[in-house]
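In terms of this note's numbering, the sequence shown opens at residue 10 and continues consecutively. Scroll down for the structure; my scribbles are underneath it.
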Amino acid sequence: MNHRIEAAVVRQHARGQWFGIVGRLAPTLEQALARPGRHVPCPVHGGRDGFRVFNDANERGGGICNTCGAFSDGFALLMWANNWGFREALEAVAQDLRLDAGSTWTTLQPKPRPNAAPVQRQDDAVAEAALRRVWSETLDPQDPKALPLQRYLLRRGIDAELDPSVVRFHPGLGYYQDRRRIGTYPALIARVSDAQGRPASLHRIYLTPDGRKAPVESPKKMMVPLGPVVGGAIRLYPAGATLGITEGIETALVIRQRLRMPVWAGVSTTLMERFEPPKGVTLVVVWADLDISGAGELAAEKLLDRLVVRGVRVAMHVPKGPIPRGMKGLDWADLWCIKELAAA
Numbered sequence: 010m011n012h013r014i015e016a017a018v019v020r021q022h023a024r025g026q027w028f029g030i031v032g033r034l035a036p037t038l039e040q041a042l043a044r045p046g047r048h049v050p051c052p053v054h055g056g057r058d059g060f061r062v063f064n065d066a067n068e069r070g071g072g073i074c075n076t077c078g079a080f081s082d083g084f085a086l087l088m089w090a091n092n093w094g095f096r097e098a099l100e101a102v103a104q105d106l107r108l109d110a111g112s113t114w115t116t117l118q119p120k121p122r123p124n125a126a127p128v129q130r131q132d133d134a135v136a137e138a139a140l141r142r143v144w145s146e147t148l149d150p151q152d153p154k155a156l157p158l159q160r161y162l163l164r165r166g167i168d169a170e171l172d173p174s175v176v177r178f179h180p181g182l183g184y185y186q187d188r189r190r191i192g193t194y195p196a197l198i199a200r201v202s203d204a205q206g207r208p209a210s211l212h213r214i215y216l217t218p219d220g221r222k223a224p225v226e227s228p229k230k231m232m233v234p235l236g237p238v239v240g241g242a243i244r245l246y247p248a249g250a251t252l253g254i255t256e257g258i259e260t261a262l263v264i265r266q267r268l269r270m271p272v273w274a275g276v277s278t279t280l281m282e283r284f285e286p287p288k289g290v291t292l293v294v295v296w297a298d299l300d301i302s303g304a305g306e307l308a309a310e311k312l313l314d315r316l317v318v319r320g321v322r323v324a325m326h327v328p329k330g331p332i333p334r335g336m337k338g339l340d341w342a343d344l345w346c347i348k349e350l351a352a353a
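If you want it as structure tokens, here you go:
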């Protein structure tokens, strides 16, 4: 490594980008990165809820293991997750950020932990049973009992057709926080597929009977997946030579409604940044969110850069601000809904 690059410099460049960095360098932390602040199975010790990354992990990269303790920043987290020393973690982060493009590094790999128990994921059979149970309880989105879902979409200005093999309605799904049941709400349920198109998880949007987001801390949640979901998405429509990718499912449905383009939803900025288009797609159209934090646009730019390097044609669209007062961001569903209200 070029020794002129100091840890403080790498740390400064990494600030606000740790979700992407850690996700690429330590894929075992992917589930925790998709749910910052929430307990998930520990990637080292297993169990059900032994680890979480901090709410501000994208800024500093920290997390905590119930067994090993807290890791104050992304370097410490990578050292723990990959069994690296500090120099290895520093070089890997600098390489990921392309801070020493003239070097001839090889890709660093996690080291096995001597005398450590094998990594245990939550039992796949239990996870699969939970996914199957929730899916079996859902209804077609056009079912008369699915009014909360239909009202929610109409409030967002969405009138796109839904594939009932991908998007469903749950009439009463339990909402849990810190393993305690908070309440029961109707919910939009969407099937999340991995990069190969295999069902991997379910995305949930908890609602109220009148079609609003449920009054809970995290109305949007993804269930514990069956294996890695990195590169995956909610495959809302059959892909063509052109494929759109968004963060939220609502944005994807609006794009489909307006442009008839096949669009998939990446669920989160972390997953959208690492999206893998299937074979046969020659143009990926990235529909980014405009966030006060800049996270949506940054994730879209990273996806664009990664695909361009691989020779994939990419186009990117970002809503024009300003972001309305009281909102954290502006997506294409918000923008077109605002325009329609203004024209009414």
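Even for Gly, the Cβ is constructed at its ideal location relative to N, Cα and C. Note that the coordinates shown come from a computational prediction; the quantities given were computed from them, not determined experimentally.
**Report entry** Length of the line joining the Cα atoms of His179 and Leu171
**Finding:** Near 15 angstroms, if we compare the C-alpha coordinates of Leu171 and His179.
Requested in this report: Return helix, strand or coil for Val276, following the three-state DSSP convention.
Outcome: DSSP, read as helix, strand or coil, puts Val276 in coil.
Query raised in the report: Who are Lys222's beta bridge partners in DSSP?
Result: Assignment of beta-bridge partners to Lys222 by DSSP yields Leu216.
Query raised in the report: Got a sec, what are the start and stop residues for the beta strand (DSSP E) Gln186 sits in?
Result: Bounds of the beta strand (DSSP E) holding Gln186 are 176-186.
Query raised in the report: CB-CB under 6 angstroms to Ala16, same chain, minus the five flanking residues each way: which ones, in chain order?
Result: Around Ala16: Leu99.
Query - Environment of Thr113 [buried if 16+ CB atoms lie within 10 Å] - result: With a pLDDT of 36 at Thr113, under the threshold of 50, the modelled position of this residue cannot be trusted; read the value that follows with caution. Around the beta carbon of Thr113, a 10 Å sphere encloses fewer than 16 other beta carbons of the protein chains shown; the residue is thus reported as exposed.
Query raised in the report: The alpha helix (DSSP H) with Leu265 in it runs from where to where?
Result: According to the sequence as given, residue 265 is Arg; it is not Leu. Note, Arg265: alpha helix (DSSP H), 258-268.
**Report entry** Cβ-based neighbour list, Gly220, same chain, cut-off 6 angstroms, excluding 5 preceding and 5 following
**Finding:** Here the set comprises Pro157, Arg160, Tyr161, Arg164.
Query - Helix, strand or coil at Pro286 [DSSP, three-state] - result: In the structure shown, Pro286 sits in coil (DSSP, three-state: anything other than H, G, I, E or B).
Query - Separation of Gly59 from Asn75, as counted between CA atoms - result: It is roughly 5 angstroms from the alpha-carbon of Asn75 to the alpha-carbon of Gly59.
Query raised in the report: Thinking just about the alpha-carbon of each residue, which of Ala66, Ala196, Trp296 is nearest to the one in Ala81?
Result: At residue 81 the sequence reads Ser, which differs from the Ala that was named. Answer by Cα proximity: Ala66.
Requested in this report: Measure the beta-carbon distance from Ala209 to Leu235 and round it to whole angstroms, keeping in mind my assumption that it falls under 8 angstroms.
Outcome: Rounded to whole angstroms, the Cβ separation of Ala209 and Leu235 is 5 angstroms, and the two are in contact under 8 angstroms.
Requested in this report: Quick one: give me the first and last residue of the alpha helix (DSSP H) that Leu42 is part of.
Outcome: In the DSSP annotation of this structure, the continuous segment of the alpha helix (DSSP H) that includes Leu42 starts and ends at 39-42.
**Report entry** Inter-residue CB distance, Gly183 and Arg190 (contact presumed, cutoff 8 angstroms)
**Finding:** About 5 angstroms; that satisfies the 8 angstroms criterion.
Query raised in the report: Does the Cβ of Leu197 lie closer than 7 angstroms to at least one heavy atom of the ligand COA?
Result: Ligands displayed in this structure: none; no statement on the ligand COA is therefore possible.
Query raised in the report: From Val293 to Thr147, what distance separates their C-alpha atoms?
Result: Looking at the two C-alpha atoms, the distance is approximately 31 angstroms.
Query raised in the report: For Val62, is the classification buried or exposed, using 16 other Cβ atoms within 10 angstroms of its Cβ as the cut-off for buried?
Result: Val62 is buried by the Cβ-count criterion.
Query raised in the report: Which whole-angstrom value describes the C-beta separation of Trp296 and Trp341, a residue pair presumed to lie in contact below a C-beta threshold of 8 angstroms?
Result: Their Cβ separation, rounded to whole angstroms, is 6 angstroms, which keeps Trp296 and Trp341 in contact under 8 angstroms.
Query raised in the report: Rounded to whole angstroms, how far is the Cβ of Thr278 from the Cβ of Ala250, which I believe are closer than 8 angstroms?
Result: About 26 angstroms; that fails the 8 angstroms criterion.
Query raised in the report: Where does Val233 land, buried or exposed, given buried means 16+ other C-beta within 10 angstroms?
Result: Buried, by the Cβ-count rule.
Query raised in the report: What is the rounded straight-line gap between the Cα of Glu306 and the Cα of Val225?
Result: A straight-line Cα-Cα distance of about 26 angstroms links Glu306 and Val225.
Requested in this report: Return the CA-CA distance between Val321 and Glu282, expressed in angstroms with no decimal places.
Outcome: If you take the alpha carbons of Val321 and Glu282, they lie about 15 angstroms apart.
Report task. Using 10 angstroms around the beta-carbon of Phe284, count the other beta-carbons present and answer buried if the total reaches 16, otherwise exposed. Result -> Label assigned to Phe284: buried.
Query raised in the report: Would you call Ala324 buried or exposed, if buried means 16 or more other Cβ atoms sit within 10 Å of its Cβ?
Result: It is exposed - the Cβ of Ala324 has fewer than 16 other Cβ atoms within 10 Å.
**Report entry** Contacting residues, own chain, Cβ-Cβ under 7 angstroms from Thr115 (five flanking each side not counted)
**Finding:** In this prediction, Thr115 scores a pLDDT of 42, lower than 50, which makes its location untrustworthy; no coordinate-derived value is stated.
Query raised in the report: Does the distance from the C-beta atom of Pro237 to that of Glu39 stay below 8 angstroms?
Result: Result yes, Cβ atoms of Pro237 and Glu39 sit closer than 8 angstroms.
Query raised in the report: Nearest to Ala223 by CA position, among Gly94, Trp93, Lys329, Thr193, is which residue?
Result: Taking each of Gly94, Trp93, Lys329, Thr193 in turn and checking the Cα distance to Ala223, the smallest one comes out for Thr193.
Query - Which residues DSSP lists as bridging Arg189, in chain order - result: Its beta-bridge partners are Gln186.
Query - Residue span of the beta strand (DSSP E) that contains Leu252, given as start and end - result: In the DSSP assignment, Leu252 falls within the unbroken beta strand (DSSP E) covering 251-255.
Query raised in the report: Nearest to Gly289 by alpha carbon, out of Glu256, Leu252, Met270?
Result: Considering only alpha carbons, the answer is Leu252.
**Report entry** From Lys230, Gly206, Arg188, Ala90, residue whose alpha carbon lies closest to that of Ile198
**Finding:** In terms of CA proximity to Ile198, Lys230 leads the group Lys230, Gly206, Arg188, Ala90.
**Report entry** Simplified DSSP state of His22, which is helix, strand or coil
**Finding:** His22 carries a helical assignment under DSSP once its states are collapsed to helix, strand and coil.
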